[in-house]
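Novice: Following this message is one structure expressed as structure tokens.
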Amino acid sequence: MNKAISIPYPWQQQSWQTFLKQVEQDRLPHALLLSGQQGIGKSHYAHSMADYLLCQTPKSGLACGQCRSCQLNHVNTHPDKWVITLEDNAKQIKVDQIRQLSSVISETARQAGRKVVILEPAEGLNINAANALLKSLEEPTKDTFFILVSHRVNSVMATICSRCQLLPLSAPDTPSAITWLKELGYQKDIELVLSLAAGAPLLAQSFYDETLLELLESFYSGLSALQEQSMIPITLAADWAPFDLEQLLNHWFLLIHRIIIAQTDTNSVNDPQEPTLEFVKALRIIEHQANVFNPQWLYRFADKLLVTKNQLANGANINKQLLLEELLLDWCAILKLSQSIDVNVA
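Here is the structure:
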């Protein structure tokens, strides 16, 4: 089997069998919208579907990896497979990308088979791009399939959702995810890292990447230092400035989730094993002092993070340094005031 061919992850097998039956019975919808949390393999699953649909001689429920189509997929040059995504760090998929796509998918398949479009993230379509895509979704050419991928399906335009069949994908159960990570060779703090990733195995896997480890260590050690009053917000904001802002906001959401869990479940931080990873040690310090945080203040802060994320997604030009200073000052206020001020949240 050609290693370049995408094979569904173990936790995707049930959905995969349904997909195979739909193809076999010629009942596969022309437009699918894959949804689910980030880090569970939606994009990988979309490419697995595309590889299978384009394969000329599929075997045992998978693309063969040997035919001409599979060879083209191996080098990412298949003329009947298009991947539409964000370009050059753009925040949105542009209308020109969709117009260019529309002009080529109307042509006959070059390999005399199916044509497949993968579009990710579906919530990244701006209004003009979404409107340009509607006609192709409403009147697809023969044997043309659209596979849209979304991390936040509620943010996908209703006109797009209504023209696709929704296919929710879920994370694996914890034992299966742990087994998968261990088979890849990961061992350190694996259960806690998976928990921090909200059960998403690919997200947990990324936490072991050296580049992301640097961000995680700076993020958690920095907030731990703020909590111990050994660092000031302006200094920490400068330390965080080189990192990706959206990633920082995502990890802040995960931390808030962890803190709230720690407030209601003391067993979640009573792990007898000593943490190995530095960022996990810092996280434990924060969790062990979870009762410092008033949940109502945390929820309000999470709302502010969400507003900021939406602004970023809509292409807002945000001064990162000033924003980080503001958020960290707010965080310090939560630390200082949450126990003494009763905040009524509407």
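Quick note: the sequence shown uses the numbering used here, first residue 1, plus one each step.
We put the beta carbon where it would ideally sit given N, CA and C, even for glycine.
Hey, quick one: how far does the alpha helix (DSSP H) through Lys42 stretch, first residue to last?
Specialist: Here the alpha helix (DSSP H) through Lys42 covers 42-54.
Novice: For Tyr211, which residues of its own chain have a beta-carbon under 7 Å away from its beta-carbon, when the five flanking residues on both sides are left out?
Specialist: Here residue 211 turns out to be Thr, not Tyr, going by the sequence shown. Contacts found: none.
Novice: Please report how far the alpha carbon of Pro233 lies from the alpha carbon of Ala31, in whole angstroms.
Specialist: Between Pro233 and Ala31, the C-alpha separation is close to 47 Å.
Novice: Is DSSP giving Ser350 helix, strand or coil here?
Specialist: Look at the range of the chain in this structure, 1 to 346, and you will see that residue 350 is not part of it.
Novice: Just how far apart, CA to CA, sit Glu246 and Leu215?
Specialist: Cα-Cα distance, rounded: 12 Å.
Novice: Confirm, please, whether the CB-CB distance from Trp11 to Ser176 is below 9 Å.
Specialist: Their beta carbons are under 9 Å apart, which means Ser176 touches Trp11 by this criterion.
Novice: Can you find at least 3 beta carbon pairs, one from the stretch 67-86 and one from the stretch 178-197, that sit closer than 8 Å?
Specialist: Result no; under three Cβ-Cβ pairs closer than 8 Å.
Novice: Pull up the distance between the alpha-carbon of Ala282 and that of Thr308, whole angstroms please.
Specialist: One C-alpha to the other measures close to 25 Å.
Novice: Report all residues from its chain with a CB closer than 8 Å to the CB of Ala46; omit the five preceding and five following residues, and keep chain order.
Specialist: Once the five neighbours on either side are set aside, the close Cβ partners of Ala46 are Leu34, Ile118, Glu120, Ile147, Val149.
Novice: Do Val104 and Lys81 have their beta-carbon atoms positioned less than 9 Å apart in this structure?
Specialist: For Lys81 and Val104, no; Cβs fall outside 9 Å.
Novice: For Leu133, I'd like the list of residues in its chain whose CB is within less than 6 Å of its CB, leaving aside the five on either flank, ordered along the chain.
Specialist: Excluding residues within five positions, the ones whose Cβ falls inside 6 Å are Ile98.
Novice: For Ser218, which residues of its own chain have a beta-carbon under 8 Å away from its beta-carbon, when the five flanking residues on both sides are left out?
Specialist: The residues are Asp239, Trp240, Phe243.
Novice: To the nearest angstrom, how far is the alpha carbon of Ala63 from that of Pro29?
Specialist: Their backbone Cα atoms lie some 19 Å apart in a straight line.
Novice: Between the Cα of Thr235 and those of Leu306, Leu322, Ser170, Phe279, spot the shortest distance and give me the residue it belongs to.
Specialist: That would be Leu322, whose Cα lies nearest to the Cα of Thr235.
Novice: Would you list the residues sitting across from Ala31 in a DSSP beta bridge?
Specialist: BP columns for Ala31 point to Phe146.
Novice: What residue range does the beta strand (DSSP E) around Trp82 cover?
Specialist: Per DSSP, Trp82 belongs to the beta strand (DSSP E) from 81-84.
Novice: Nearest by alpha-carbon distance to Ser6: which of Gly36, Val23, Cys55, Gln25 is it?
Specialist: Cα-wise, what sits closest to Ser6 is Cys55.
Novice: Do you know how far the Cα of Gln296 is from the Cα of Ile260?
Specialist: Computed Cα separation, rounded: 10 Å.
Novice: Thinking C-alpha only, which one of Ala225, Glu278, Leu305, Glu325 is nearest His257?
Specialist: Selected option, being the one with the closest Cα: Leu305.
Novice: Ile261 by DSSP, collapsed to three states: which one?
Specialist: DSSP places Ile261 in helix when its eight states are reduced to three.
Novice: At the level of alpha carbons, what is the spacing between Ala130 and Pro140?
Specialist: Rounded to whole angstroms, Ala130 to Pro140 spans 15 Å at the Cα level.
Novice: Can you give the beta carbon distance from Gln13 to Ala171, rounded, assuming they're within the 8 Å contact cut?
Specialist: Gln13 to Ala171, Cβ: 14 Å. No contact.
Novice: Using beta-carbon positions only, say whether Val83 and Glu123 come within less than 9 Å of one another.
Specialist: Contact flag unset, no.
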